[in-house]
Amino acid sequence: MKVGVVGASGYVGGETLRLLVNHPDVEIAMVTSRQHVGEYLHRIQPSLKGFTDLTFSELDYDKMTDKCDIVFTAVPHGTATEIVKALYDRGLKVIDLSADYRLHNAADYDKWYGWEHPHPDYLSKSVFGIPELHRDAIKKAQLVSCPGCMAVTSTLAIAPLIRHDLIDVEHIIVDSKIGSSGAGSGSGTAHAMRAGVIRP
Numbered sequence: 423m424k425v426g427v428v429g430a431s432g433y434v435g436g437e438t439l440r441l442l443v444n445h446p447d448v449e450i451a452m453v454t455s456r457q458h459v460g461e462y463l464h465r466i467q468p469s470l471k472g473f474t475d476l477t478f479s480e481l482d483y484d485k486m487t488d489k490c491d492i493v494f495t496a497v498p499h500g501t502a503t504e505i506v507k508a509l510y511d512r513g514l515k516v517i518d519l520s521a522d523y524r525l526h527n528a529a530d531y532d533k534w535y536g537w538e539h540p541h542p543d544y545l546s547k548s549v550f551g552i553p554e555l556h557r558d559a560i561k562k563a564q565l566v567s568c569p570g571c572m573a574v575t576s577t578l579a580i581a582p583l584i585r586h587d588l589i590d591v592e593h594i595i596v597d598s599k600i601g602s603s604g605a606g607s608g609s610g611t612a613h614a615m616r617a618g619v620i621r622p
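Add 422 to the 1-based position in the sequence shown for our numbering, that's all there is to it.
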């Protein structure tokens with residue numbers, strides 16, 4: 423299977439590639455980055471040195487369609503909407519690692535993320551990517567939207583209790599914490615003062 427990764431220079435893209443390079447049925451065919459076009463992948467993702475001599479490319483949908491069977495999008499939330507749609511419309515299978523297609527109700531994007539989804543008709547096309555719960559649907563899907571760490575841990579903890587009717591679904595409370603680097607490698611005020619600081 424020939425795989426492409428859009429946004430391969432970030433934390434999520436790097437970890438995705440680290441897992442993919444050792445998969446016996448995967449060939450990394452194309453990696454993209456806006457900032458590092460022409461640079462060797464292992465210069466930005468040192469853990470991949472010795473695994474590949476690929477260089478970063480610009481995002482070119484036609485080239486990606488020619489070279490890849492499936493594409494992982496590892497770009498920041500809010501920037502994947504157009505990329506995913508373009509890849510989907512070209513018939514590629516897409517595994518989106520952003521939040522852009524996780525929710526099926528378009529109104530929830532404004533509520534939770536503060537922006538209006540530009541392609542609400544595509545939301546129902548995505549499968550929520552937890553294989554423990556949706557393995558068969560994921561196998562058949564053209565678009566898989568991977569949940570974030572908070573959603574995965576919460577869902578996997580609660581799902582068996584709901585399945586066996588052991589809890590009242592009207593009274594579930596989830597209290598989760600994440601490190602300040604959980605939102606990516608960009609600079610931010612959360613990194614400087616971590617002690618005693620909790621933010622929603």
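Beta carbons are placed, not taken as given, at the ideal position from N, Cα and C, and that holds for glycine.
Please state if the CB of residue j and the CB of residue i are separated by a distance shorter than 8 Å.
| i | j | result |
| --- | --- | --- |
| Asp518 | Cys568 | yes |
| Val549 | Ala563 | yes |
| Val434 | Ala496 | yes |
| Val453 | Leu481 | no |
| Thr487 | Arg512 | yes |
| Val493 | Ser479 | no |
| Ile505 | Val566 | no |
Quick check on the DSSP output: the beta strand (DSSP E) that includes residue i runs from which residue to which?
| i | result |
| --- | --- |
| Asp587 | Per DSSP, Asp587 belongs to no beta strand (DSSP E) and is neither H nor E. |
| Lys485 | Note, Lys485: premise wrong, no beta strand (DSSP E); alpha helix (DSSP H) at 483-489. |
Whole angstroms are fine: how far does the CA of residue j sit from the CA of residue i?
| i | j | result |
| --- | --- | --- |
| Val443 | Glu592 | 43 Å |
| Tyr544 | Ser431 | 27 Å |
| Lys515 | Lys547 | 12 Å |
| Gly472 | Val425 | 18 Å |
| Ala521 | Pro498 | 8 Å |
| Ile450 | Pro468 | 16 Å |
| Met423 | His586 | 38 Å |
| His464 | Leu439 | 11 Å |
| Glu538 | Tyr510 | 20 Å |
| Leu583 | Cys571 | 19 Å |
| Asp597 | Thr577 | 12 Å |
| Gly536 | Lys599 | 21 Å |
| Pro542 | Leu441 | 31 Å |
| Pro553 | Tyr462 | 32 Å |
| Pro540 | Thr503 | 7 Å |
| Ala528 | Trp534 | 10 Å |
| Leu525 | Ile560 | 16 Å |
| Asp484 | His556 | 31 Å |
| Thr474 | Ile594 | 46 Å |
| Asp590 | Ala581 | 12 Å |
Return the bridge partner residues of residue i from the DSSP annotation.
| i | result |
| --- | --- |
| Ser567 | Asp518, Phe550 |
| Thr495 | Val428, Asp518 |
| Thr438 | Thr438 is not bridged to any residue. |
| Tyr523 | Answer is none; Tyr523 lacks a bridge partner. |
| Ser479 | Thr454 |
| Tyr402 | With the chain covering only 423 through 622, there is no way to say anything about residue 402. |
Over what stretch of residues does the alpha helix (DSSP H) that includes residue i continue unbroken?
| i | result |
| --- | --- |
| Glu449 | Glu449 -> not in any alpha helix (DSSP H); beta strand (DSSP E) instead, spanning 449-454. |
| Lys533 | 529-535 |
| Val506 | 502-511 |
| His539 | From DSSP, His539 is part of no alpha helix (DSSP H); its letter is neither H nor E. |
| Ile466 | 463-466 |
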